[in-house]
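Step one of this worksheet: look at the structure below.
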Amino acid sequence: MYTFGDPTVTQHLQGDMKAIHHRAALLLGLVVAAIALLGAPATAAAQGSGTIRGTVVEAQTRRPLPGAQVTVVGTQRSVPTNEQGAFLLVGLPAGEHRIAVQLIGYGADEQTVTVTAGETANVEFELRTDAIGLEAVVVTALGQTAQQRAIGTAQQTVSGTDIAQAQRENFVTALQGRVAGLEVNTTSGVPGAGAAIMIRGVSSISGSNQPLMIIDGLPVDNSTTHTGVFASTTTFENRGVAFTNRGADFNPEDIESITVLKGAEAAALYGIDAANGAIVITTKRGRAGGGLEYSNSFRVELPGRTPELQKVYGPSSEGSSTYLFWGTPYPEGTTFFNNVDGFFETAFTQKHNIAFSGASDDNRINYRIAASSVQQSGVVPNTNYDRINVTASSQADATSWLRTDASIQYATDDNNQPYNGIDGAFLGLLAWPDTINARDWLTPAGLRRRITSLSAAAEQDNPYFSVNRNRNNSKTTRTNVNVGLTFLPVSWGNIQTRVGVDNYTTERELVRHPESGIPGGANTNGTLDRVNEVARSINVQTLVNFHRYNLTDDIGVSAMVGNQISDRKSTVAALAGSDFLDPNFVSINNTNLRSSKTTIAQRRLVSAFGQLQFDYKNYLYLTATGRNDWTSTIPPGSNSFFYPSLSASFVFSDAFPSVGEFMTGKLRAAWAEVGKDAPPYAYRQALEFKPTSYGGYGYGFTGPNPNLKPEFATSYEIGAELGFFDNRLGLDATYYRKETRDQIVTGIRSSYATGFILLNVNGASTRNEGVELTLRGTPILRSNFAWDVQANFTRARGKVLALPAVLPEYYSSDTWLYGNVRNGTAPGLSTMSLTGLFYERNKNGDILIDPASGLPIRTTSFVDAGFDRQPDFLIGLSNHFEYKRFSLDVLLDIRKGGDIFNATEHYLTARGLSKRTLDRDQPRVIKGVLRDGLENTDNPTPNTIVVIPSVNTSYYLSMSEENFIEKDINWLRLKDVTLTYRLPQGIFGSRHASVYVTGTELFLLTNYSGLDPLTSATSAASGGSGGIGMDYGNFPVPIGINFGFRVGF
Amino acid sequence: MVRLRVLVLAAFVMLGTACENFLDVNDNPNAPETVTANLYLPPMLHWVVMAPQWDGRFIGRYTEQWVIPHTTGSPNIWSRMGYDRSSDNGAQQWRDVYWTLGQNLIDLMTKAEAEERWDILGVGYILKAWGWLALTTLHGEIIIQQAFDVTRFEFDYDTQEFAYQEVIRLLDEAIANLQRTDGRVDATYLAVGDKIYNGDREKWLKVAYGLKAMALNHFSNKPNYDPAQIIALVDQSLSSNADDPLFTYPGNDPGNQDRNFWGRTRGNIHTYRQTQFVVELMDGTQFGAEDPRMSRMLAPAPDGQFRGVDPDVGWGALSTEERPNNFHGYPESGGLGQPGRYLFDDNSKIPLITYSQLQFIKAEAALRMGNEPLAREAYLEGISSHIDFVNARNAETGNPSVTQISEAEKAAFLASPDINPPTLTLSHIMSQKYIAQWAWGHNELWMDMRRYHYTDMDPVSGTQVFRGFTIPTNLDTDNNGKPVQRLRPRYNSEYVWNRAGLDKIGGLAPDYHTKPLWITEP
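So the protein lines, in turn, are chains A and B.
To convert a position in the first sequence, counted from 1, into our numbering, add 12.
To convert a position in the second sequence, counted from 1, into our numbering, add 225.
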């Protein structure tokens, strides 16, 4: 039995493979020689025409490969293989033809086939894939393809199958762990919750760190609604609502593959919007023999961990929003209701996907139409996410010189979410006394049941009341149309033009019920926010490709030039109404006081770019790109900026055949510069209507900055791709470093003496560096058992080098959401640090104690205390097993280090609900020194003041949040596990059929004391590091088990 | 192939469309870049009246106008003459002078000057002067010369002496401009933004004289104090209550931002209670005669008696029945849906300055220059006009349970020898001025108390100028035993983002708030 790493076996295997390879080469050589010797007759016989019938299979498994592109070299004839991996080329003139086959992810193959008039030549192509994949064809920027060996930058591909198999409604969350350098942060575990992708960490401290999202060659919108567009005065500040990222509209089942261009180096051709990399998505196209595909999924979801609260001490008094639990112990025999566990429901999701695809007999036209429906309910009552996707795509050879490609994606979704954070159901659930049944949330009169004597506007909402009355509904309808034309005018190249329109409308309706305790509830007799957001983005892109040209026998050159015009506009009409007439009728028409607001943002961008690539002896490649962007968001004069990139790839194992005997290897290095613009209208002054008496105008918080200029990032990366054991083990390693200078910091505070409260200024600089490793291997490969493993290692560190001028700190006010901790950062600190009013300490680091109370003293300004939410590293470990008709996929997500702020626990502790308050009667002396004037001498006075927390509850109330920032949090989570069984061929008349079961988030091992350390207290609309790693009143991700089958006819 | 070539050509034409017109989409469709001068006015006038009330919640505790009573523990930090750490409390006027006025006022004045609208330019000068006067009154040293430079990140503070010079200069400019009738002076145009005087230039001119009198009167501890000039200015200023710049709150905003800060809808004052000090100024303890305004300004306890809360003691031994109601007139924090009293109602108008206040300034100046008859005349006019002011405010509330002070009551009170004594002293004038400014005139009221160092004795009678006022015993630890003298500059403006500037004036010291103002020193 072959086992991975056994040297003798490996050598043996290597020997076998090499022998095969040599034999094949010899055979091919003989064929070529024979043809050469025979010479002219082949062409001379070109009287009639013949046919080539062929199949394309995967070399190792002999599995047929659908979707491979078969091209007659030197002509425009090109057909894809059908679902059985077969193709047919008819009407070929008799004679010799060079036939090339390529498929994304596989090495290309070429054969010379002799066609005899009136006959059919049968031929088989074998495409190889291996752990290093140097020969594989991969997607690169601008929808181009290239051989992996030629690429000098870091990129990684995930197959659509892997994405779909993960069974996530939002495909973005399925990327976690599958790509080195990529991290996905989710806002919450409720249906439709948004997710943010971050590649190579946080480099922008105030702006977006998300990559550009590309579908079929053109950018699409993956934004998240900013709550600043709402018209009500009780704003959400991008927290409390886990709005969906718009990328979630796309159906994972439509995705053929996702290529992640990790840095500015790889994404240089995408320019300004791709400073943080790019997610390049290719959608599925039809192919001959596609037929009907149907798949479904039925999922049951259960809550993951639920919090445990102390059930010893009862309520003592009423705090500002609910009871404080500092009372006497509950008497024996007290009835407790299982409020927390009883709240969650078993959720059910069903998905149905159906697709027809095919091609005309001559393969000149192919099509694919697909529809998909998702109906998801959440474990939190009254939450759901329903989506319907309809897509159609078609490619056609309109004439011999014009190829068309068109796709339309339509999506409509409807999402009900609970509120998060302080105004949400989760904290309401925890704060509700266990001695009172939370399910009784209405009085007999049908009003909100109140349990304290606090005012209606102060008392924390019952969780059932919250999810039933405070609704957060979003409905989105989206159409994405993408039309491409390829002109094949001359032998030296072609011209491609693409036009895309991405258009969506989102309607949001957020209700704060008139009886609710949250701001905008009882205090204004209800608030209804309605937002209609219409976004459209138009992109036109033209590329002129110059085919490779041989300068000498050894040196070739290819080139591309192009331009792009993009126009992105969103118009938000917001209505707000308060003072409800009928408390339960949800309509603006039912409100007494109404206000409205429009927010329009438009950005236009014109770009020209080009690429030049030299290759030398097929082992050394040098690529240079240049791009110039003209943006509307920077003042004219400085709004045009050019940035180059250079990359090199060196396949040293080919250059030095003696090395190639033992390994396959490629070294790469890349350097790039990329600019970034500002948000629309940031440099111009703007007056806003004031809601104070008699209206009128005045400046907003943010001052104009006519001197705003683009920010620039310079980055380089070096990497190696190495293959061992006949490429059954592959290693892809990258080190990168990026410095962003003149970073545009939006919304940084300054002295009010500027005349403003916030400024948009250039001047921050950050440095990011990190290591990405991908290890792929096939430890076992036998006819009925195979095991593939892939490990993705990520280490990304970001550091702030400077802030504008002398400003001491930058923070996003969105993140100042609990107590006195926020995502503040300063020069020398991590881009994901936290600042707070922490404990005052003396020069030795001892906590200073107030001699009057025996309690610690807090700082009066926001200070750094060494907190960093950046993990030390992340590992995504995926395993794929094949045994006979079974296959098993397992993805583990591992994280080491990084701090998490457990604000929920602080909230519970301050109210006496946390189990950590059970020792409240224990007298104690807080370790520290008295602030008696001697604290900074060599002999400070040690604190000896005894505190009994149950008597002096300030002990808990005044506890610094730093005690709740949990350091070095690690986790191991089973993201997905899928077991698939392929039914015997032909069952029920099907072409193929399989059944599967997929478990998601089945277990989580962590040293985090809260529920789930993967959390963000703000939505993805919050810039910089946002509220990542801040856990406050968020519902965690539930455990899911999916069943379903997949069948093709 | 011809078709093809056309297509190729078309593709290249598209390459060249990087034209500037295409990129010119920067006119912000959500907000204008500039508006007419009069449209800048409403938010400024709103905040000029409103912001002192915001800060009044805190200054009112320094000056013992009110208190948030405590049951256990120690009094609220502001009642201990301390301040909230790392908080912007007590710095609303800082925000509004630099931001609400700030660049808006510069734009307004630039436009007004260019368009020869001298009336609106004059109002601009008043607002500018008011801003520096308010800020230096509260904070002492402030940023003036380097202010509004958006490219600067560090700002130096100017001395208080400079601030006062600037206030006087700006008011002289205001007076000069408001006297002009040439150019495009137009009451209708000004009235678009001016809902205080509806564009009446002459009334604004009176406000300018009044503010100048007020600012010059702050120099009472300085050798160049000029009472005659102050009296002359008061005489050119507001001539009766009818001239009072009163702000009427429209109450149209769903977010209630255009409602009276003290009104029941805003709900900002219902946890506060009157102090023993202010009750004793009116219940006869200090003056002998019971003030008819007491039952119209202050709130009785449920048992009908008027009592105040000692900041040091809090609720102390007071039973529920004995605890004074809130200022709306209800126990606990109730009454938010009911009509309020005096200034504490949605419909109550709030003044910027008052005729009554200026009469007390005149009285003080006259007494200081030895003209007792003139001082007495102004003093009695000050009380009398404030009684009318109280009646007018209570009438606005529409609260049937608060009666008007009758002419007879008023006459009897003014005739009482307790109030109109044979020898008029500063103690009479300043304590009565305190009553007339109670609950709204926070900046000037606190300046008065600091000019007399809280507990200065009247040189004639030997009684305290502010009768019965005591500095709290339980001072904040950072005070080092000293009473508060100034508000610290706004935390989230200065203590985080301009520490270098603060450091130069000693503003980083923990007891900076106890450092006496230049103006109150000899």
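Quick reminder that beta carbons are idealized off the backbone N, C-alpha and C, glycines included.
Cutoff 8 Å; reference residue i; Cβ partners in own chain excluding five residues on either side
i         : result
Ala534(A) : Ser467, Ala468, Ala469, Pro526, Glu527 and Ser528
Ile267(A) : Gly172, Ile175, Ala176, Phe183, Ile293, Thr294, Thr295 and Lys296
Glu746(B) : Asn446
Gly117(A) : Thr141, Gly145, Ala148, Val149, Val150, Thr169, Ser171 and Ser269
Lys979(A) : Phe879 and Asp911
Ala46(A)  : Here Ala46(A) scores only 36 on pLDDT, less than 50, and its place in the model should not be relied on; the value that follows carries that caveat. There are no such residues.
Gln23(A)  : Because the pLDDT of Gln23(A) is 43, which lies under 50, any placement of that residue in the model is unreliable, and the number read from its coordinates should be weighed accordingly. Result list for Gln23(A): empty, nothing under 8 Å.
Residue i versus the options, residue with shortest Cα-Cα distance
i          : options                                        : result
Val352(A)  : Pro319(A), Val324(A), Thr67(A) and Glu519(A)   : Pro319(A)
Asp228(A)  : Ile284(A), Leu154(A) and Ala176(A)             : Leu154(A)
Gln222(A)  : Gly1036(A), Asn480(A) and Phe1061(A)           : Gly1036(A)
Glu340(B)  : Leu415(B), Asn442(B) and Phe380(B)             : Leu415(B)
Gly345(A)  : Gln322(A), Thr447(A), Phe976(A) and Thr361(A)  : Thr447(A)
Ala864(A)  : Glu1013(A), Val958(A), Leu224(A) and Leu793(A) : Val958(A)
His821(B)  : Ser465(B), Pro646(B), Thr406(B) and Gly356(B)  : As shown, chain B starts at 226 and ends at 747. That puts residue 821(B) outside it, with no answer to give.
Phe1057(A) : Thr1030(A), Tyr325(A) and Tyr993(A)            : Tyr993(A)
Ser926(A)  : Gln159(A), Pro327(A) and Arg89(A)              : Pro327(A)
Beta-bridge pairing of residue i - partner residues as DSSP gives them
i          : result
Phe585(B)  : According to DSSP, Phe585(B) bridges with nothing at all.
Tyr1044(A) : Answer by DSSP bridge pairing: none, since Tyr1044(A) is not bridged.
Ala684(A)  : Ser657(A) and Ser727(A)
Gln508(A)  : Thr498(A) and Leu555(A)
Leu860(A)  : Val941(A)
Asn804(A)  : Thr786(A) and Gly888(A)
Glu751(A)  : Thr726(A) and Arg779(A)
Contact set for residue i: own chain, Cβ-Cβ below 7 Å, skip 5 residues either direction
i         : result
Ser312(B) : Tyr716
Lys437(B) : Ile393, Leu396 and Leu458
Val402(A) : Ala383 and Tyr422
Ile730(B) : Glu366 and Tyr382
Leu42(A)  : Because the pLDDT at Leu42(A) is just 36, under 50, the model does not fix this residue reliably, and the point stays unresolved.
Close beta carbons around residue i, own chain, < 6 Å, minus the five adjacent residues each side
i          : result
Asn1046(A) : Ser200, Asn432 and Thr1027
Ala37(A)   : Confidence is the limiting factor: at Ala37(A) the pLDDT is only 39, short of 50, which leaves the residue's position unreliable, though a coordinate-based value still follows. Cβ within range, chain order: n/a, list empty.
Ala57(A)   : With a pLDDT of 39 at Ala57(A), under the threshold of 50, the modelled position of that residue is not reliable, and the figure given next carries that caveat. Answer for Ala57(A): Ala106, listed in chain order.
His1004(A) : Gly1060
Gly677(A)  : Phe664, Ser665 and Leu734
Leu900(A)  : Phe893 and Leu991
Leu889(A)  : Ala803 and Leu904
Residue i: CB within 7 Å of a non-hydrogen atom of the ligand ZN
i         : result
Asn723(B) : Questions concerning the ligand ZN fall outside what the structure shown contains, since it holds no ligand whatsoever.
Query raised in the report: Mind pulling the alpha helix (DSSP H) runs of 4 or more residues that sit fully within the stretch 479-541 of chain B?
Result: 501-507 and 519-522
Query - Continuous beta strand (DSSP E) assignments of at least 3 residues falling wholly in the stretch 957-999 of chain A - result: 983-994
Query raised in the report: Mind listing which residues of the stretch 324-348 of chain B have their C-beta closer than 7 Å to chain A's C-betas, in chain order?
Result: Trp324, Thr325, Gly327, Gln328 and Asn329
Report task. Select from the stretch 684-706 of chain A all residues with a C-beta closer than 9 Å to any C-beta belonging to chain B, and list them in chain order. Result -> Pro692, Tyr693, Tyr695, Arg696, Gln697, Ala698, Leu699, Glu700, Phe701, Lys702, Pro703, Thr704, Ser705 and Tyr706
Query raised in the report: Which ranges does the alpha helix (DSSP H) cover as unbroken runs of at least 4 residues, wholly within the stretch 291-322 of chain B, from first to last along the chain?
Result: 317-320
Query - Minimum length 3: unbroken beta strand (DSSP E) runs contained in the stretch 650-733 of chain B - result: none
Query - Cβ-based contacts, 8 Å cut-off: residues of the stretch 751-774 of chain A near chain B - result: Arg761, Ser762, Ser763, Tyr764, Ala765, Thr766, Gly767, Phe768, Ile769 and Leu771
Query - Residues from the stretch 644-656 of chain A in contact with chain B, defined by Cβ distance under 9 Å - result: Ser644, Thr645, Pro647, Pro648, Asn651 and Ser652
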